[in-house]
Amino acid sequence: MSAIVEIRGVEKRFGAIRALGPVNLSLQPGERLGLIGPNGSGKTTLINCLSGLFAANAGTIVFEGRDITQEPAHVRARMGIARSFQIPRPFTGMSVIENLLVPMDYLPIEAGAREGRAMEILSSVGLAGRRDAPAEALSQLELRKLELARALVIEPKVLVADEAMAGLSEGEINDVLALLMRLNERGVAIIMIEHIMHAVMRFSQRVVCLETGRIIAEGLPQAVAQDKHVQKVYFGERAGR
Amino acid sequence: MSWRNFLLVALLVAAAGMVLPRVLENPYYFFAGYVVLQYVVIATGWNILGGYAGYTNFGTSAFFGAGVYTAAFLIKAFEAPLLVQVLAAAGIGMLLGLVTGYLTLRIQGVYFAIATVALVVVLETVVHNSDYLGGASGLTTIAPPAPAWFAGPTQYVFCVMLVLALVAVGIARAIEHSWVGRSLRAIRASEPAAEACGVPTLRMKLAACAISGGVIAMAGAPYPYYASHVDPLSAFSLTIGLNALAMPLIGGTRSWIGPVLGAVLLASVQQITTVTISSEFNILAVGLMLIAFVVLAPEGILGLVAELRERVGRRRATT
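If you read the sequences in order, they're chains A and B.
According to the numbering used here, the first sequence is numbered sequentially starting from 2.
According to the numbering used here, the second sequence is numbered sequentially starting from 274.
Below, the structure written as structure tokens:
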């Protein structure tokens with residue numbers, strides 16, 4: 002099976018600081034990939050390069066066999082690369098359902114079918130009851146769900162969930178995990194960036210660990226978790242050994 | 274309000290405006306009313322970029338002045354009719370919006386605001402140094418006479434501005450209720466999120482900037498006719514920029530009616546204080562009202578109304 006996303010030698014520099022790369026990474030269609038690494042290791046930078054918010058300084062990004070390195074973010078979104086943001090960014094000043102109508106304005110969906118489609122997605126994430134609530138009135142969990150719902154509108158082939166579970170309770174984490182699993186069953190490849198280890202380990206088929214902008218480990222979740230290098234960057238070395 | 278009701282009200286307002294000069298004899302009312310309507314157009318135009326998309330434009334007077342001088346130029350060079358002046362000014366305003374937008378809209382927040390102030394200085398300097406446009410001392414503009422139907426030139430230009438105000442409000446309302454307005458609101462809330470939702474943010478901002486600039490410049494076009502004299506100091510006055518910003522903020526930026534309310538309220542107060550207290554007081558009035566609203570009603574009149582409605586609704590629900 003050929004990869005749906007192919008990241009080749011991608012680098013991102015901010016002035017003299019190289020935040021990312023070079024990174025090589027591929028994602029299979031329908032795969033569940035966990036992306037871990039300490040704060041500042043370049044996870045979100047990598048995702049920003051993939052979704053197009055940052056232009057990579059070097060390397061190429063291929064999506065479904067097409068080089069998208071030069072494409073702006075909104076084109077990539079319409080092609081099927083969706084993302085949620087680490088800090089939820091709801092469209093304030095709009096109702097929950099209107100938040101979902103924003104991406105639909107740019108998709109070939111008949112005007113009459115839009116509300117129905119939006120409601121379907123809202124029900125699938127458990128926000129149907131909040132359809133007319135202003136985005137400002139949502140709780141943290143609801144904001145996370147709205148963030149995912151908005152990403153789902155474009156019927157993505159790849160979904161990047163950037164810390165979609167941060168700040169949630171155990172029960173709420175299970176909610177979001179189940180939601181992502183259901184999506185994946187429908188064939189959506191998912192990249193999960195997460196600090197909540199047990200969630201990533203349960204969810205992912207493959208885990209990649211970044212450290213100072215480079216991939217230091219890659220493989221089955223258990224293998225990566227037991228990797229000495231990974232343990233070192235996460236927990237530090239015991240002194241005097 | 275549905276489109277049908279909106280059009281009905283607009284037609285009624287237009288008809289009332291046309292009949293008014295037959296009822297009211299004193300031309301002063303139309304002289305003052307013109308300024309109020311001019312600010313309805315300016316505030317409405319400003320709000321398309323400043324309110325819907327959240328990009329604060331401090332350079333409103335650059336667009337207004339460009340409209341004024343486009344019209345003045347057309348009078349001097351071709352004795353062009355008013356309609357041509359208005360259309361040309363709108364075109365120039367849109368072009369100006371597109372160019373400045375392209376140069377500045379990649380910058381956000383306060384930097385964008387500063388860049389727009391620079392635009393005023395640039396244009397004013399250009400006019401100052403243009404002999405053809407009268408330089409610093411200005412240009413006397415003798416416009417063609419008003420159509421015979423109107424009681425006088427002031428009444429005529431008042432009616433023209435009334436039509437422009439209705440057109441401007443119609444444009445703003447159409448944007449607000451369409452997918453364009455939705456995309457602009459998304460941009461205001463979060464540009465990266467809008468972009469990630471497939472919104473071509475730069476293109477939408479450029480469109481908003483061009484339409485906004487076109488509407489504001491359009492408001493300047495009848496000015497040479499109205500004042501019979503144009504000079505750079507009044508055409509590029511920063512007071513216009515201040516008013517353009519204060520009026521939507523006082524009325525409320527989220528809906529088309531906000532700038533209309535703000536403009537009618539503030540411009541009326543300014544006109545009344547100019548004749549009753551002093552012409553210097555009117556700028557103080559803007560300042561005081563702006564401070565009062567920022568402190569007491571940051572969402573403007575619309576925000577106040579929404580809050581009151583909610584309170585009444587809650588009280589009803591509890592009893």
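The beta-carbon is built from N, C-alpha and C at its ideal position, and this holds for glycine as well.
Since this is a predicted model, take the numbers as computed values, not measurements.
Start-to-end residues for the beta strand (DSSP E) that takes in residue i
i                : result
ASN25 (chain A)  : 18-28
ASP163 (chain A) : 159-163
CYS210 (chain A) : 207-212
The ligand ATP heavy atom lying under 8 Å from the CB of residue i
i                : result
ALA335 (chain B) : Looking at this structure, you won't find the ligand ATP or any other ligand, since it has none at all.
In DSSP terms, what residue i is bridged to
i                : result
HIS502 (chain B) : B:THR413
GLY41 (chain A)  : According to DSSP, which records beta bridges pairwise, GLY41 (chain A) is partnered with nothing at all.
GLY220 (chain A) : A:VAL208
VAL177 (chain A) : Partner(s): none; VAL177 (chain A) has no beta bridge.
ARG14 (chain A)  : A:ARG19
THR61 (chain A)  : A:ARG9
ASP68 (chain A)  : A:VAL63
ARG215 (chain A) : A:GLU212
ARG33 (chain A)  : A:ILE191
PRO135 (chain A) : A:SER96
Exposure of residue i, with buried meaning 16 or more beta-carbon neighbours within 10 Å
i                : result
SER552 (chain B) : exposed
VAL585 (chain B) : exposed
ARG295 (chain B) : exposed
ALA17 (chain A)  : exposed
ALA78 (chain A)  : buried
HIS75 (chain A)  : buried
GLU352 (chain B) : exposed
GLY241 (chain A) : Per-residue confidence for GLY241 (chain A) stands at a pLDDT of 45, beneath the threshold of 50, marking its modelled position as unreliable; the derived number appears in the next sentence. Classification for GLY241 (chain A): exposed.
VAL231 (chain A) : buried
PHE15 (chain A)  : exposed
ARG131 (chain A) : buried
LYS229 (chain A) : exposed
GLU212 (chain A) : buried
THR427 (chain B) : buried
ASN555 (chain B) : buried
LYS44 (chain A)  : buried
LEU557 (chain B) : exposed
TRP529 (chain B) : buried
TYR405 (chain B) : exposed
THR343 (chain B) : buried
ASP504 (chain B) : buried
Where residue i falls: helix, strand or coil (DSSP)
i                : result
MET105 (chain A) : helix
ILE521 (chain B) : In the sequence under discussion, the amino acid at residue 521 (chain B) is Pro, which differs from the Ile named in the question. Helix.
ALA447 (chain B) : helix
ILE191 (chain A) : strand
LEU297 (chain B) : coil
SER85 (chain A)  : strand
GLY237 (chain A) : coil
ARG242 (chain A) : The predicted position of ARG242 (chain A) is uncertain, since its pLDDT is 43 and thus under 50; no value can be drawn from it.
SER3 (chain A)   : coil
PRO418 (chain B) : coil
SER552 (chain B) : coil
LEU485 (chain B) : Contrary to the premise, residue 485 (chain B) reads as Ser rather than Leu in this sequence. If DSSP states are grouped into helix, strand and coil, SER485 (chain B) belongs with the helices.
PRO495 (chain B) : coil
SER52 (chain A)  : helix
ILE155 (chain A) : coil
MET476 (chain B) : In the sequence as presented, Met is not what sits at residue 476 (chain B); that position holds Arg. Reduced to three states, the DSSP call for ARG476 (chain B) is helix.
THR512 (chain B) : helix
TYR325 (chain B) : helix
CYS432 (chain B) : helix
Host alpha helix (DSSP H) of residue i (start-end)
i                : result
GLY573 (chain B) : 573-591
TRP452 (chain B) : 452-462
ALA536 (chain B) : 530-549
GLU121 (chain A) : 115-126
ALA388 (chain B) : 383-401
SER334 (chain B) : 333-351
MET80 (chain A)  : 74-80
LEU355 (chain B) : 355-377
Interface flag, residue i vs chain D, CB-CB below 9 Å
i                : result
ILE155 (chain A) : In summary, chain D is missing from the structure at hand, where the protein chains are A and B.
Legend entry - Cβ pair count under 8 Å reaching 3, the region 158-176 of chain A against the region 106-125 of chain A: no
Legend entry - the region 476-492 of chain B touching the region 452-465 of chain B, judged by at least three CB pairs closer than 8 Å: yes
Inset, instruction - Examine the Cβ distances between the region 183-190 of chain A and the region 24-37 of chain A and report whether three or more of them are shorter than 8 Å. - result: yes
Inset, instruction - Would you check if there are 3 or more beta carbon pairs closer than 8 Å linking the region 57-71 of chain A to the region 213-228 of chain A? - result: no
Legend entry - Inter-stretch contact (C-beta, 8 Å, three-pair minimum) for the region 369-377 of chain B and the region 308-318 of chain B: no
Inset, instruction - Give a yes or no on contact between the region 511-519 of chain B and the region 427-440 of chain B, applying the rule of three or more CB pairs nearer than 8 Å. - result: no
Legend entry - Meets three-Cβ-pair contact criterion under 8 Å: the region 386-393 of chain B and the region 331-341 of chain B: Contact between the region 386-393 of chain B and the region 331-341 of chain B is present, because at least three Cβ pairs lie under 8 Å.
Inset, instruction - May I ask you to verify whether the region 80-96 of chain A touches the region 145-161 of chain A, counting CB pairs closer than 8 Å and requiring at least 3? - result: yes
Legend entry - Three CB pairs or more closer than 8 Å across the region 514-525 of chain B and the region 564-577 of chain B: yes
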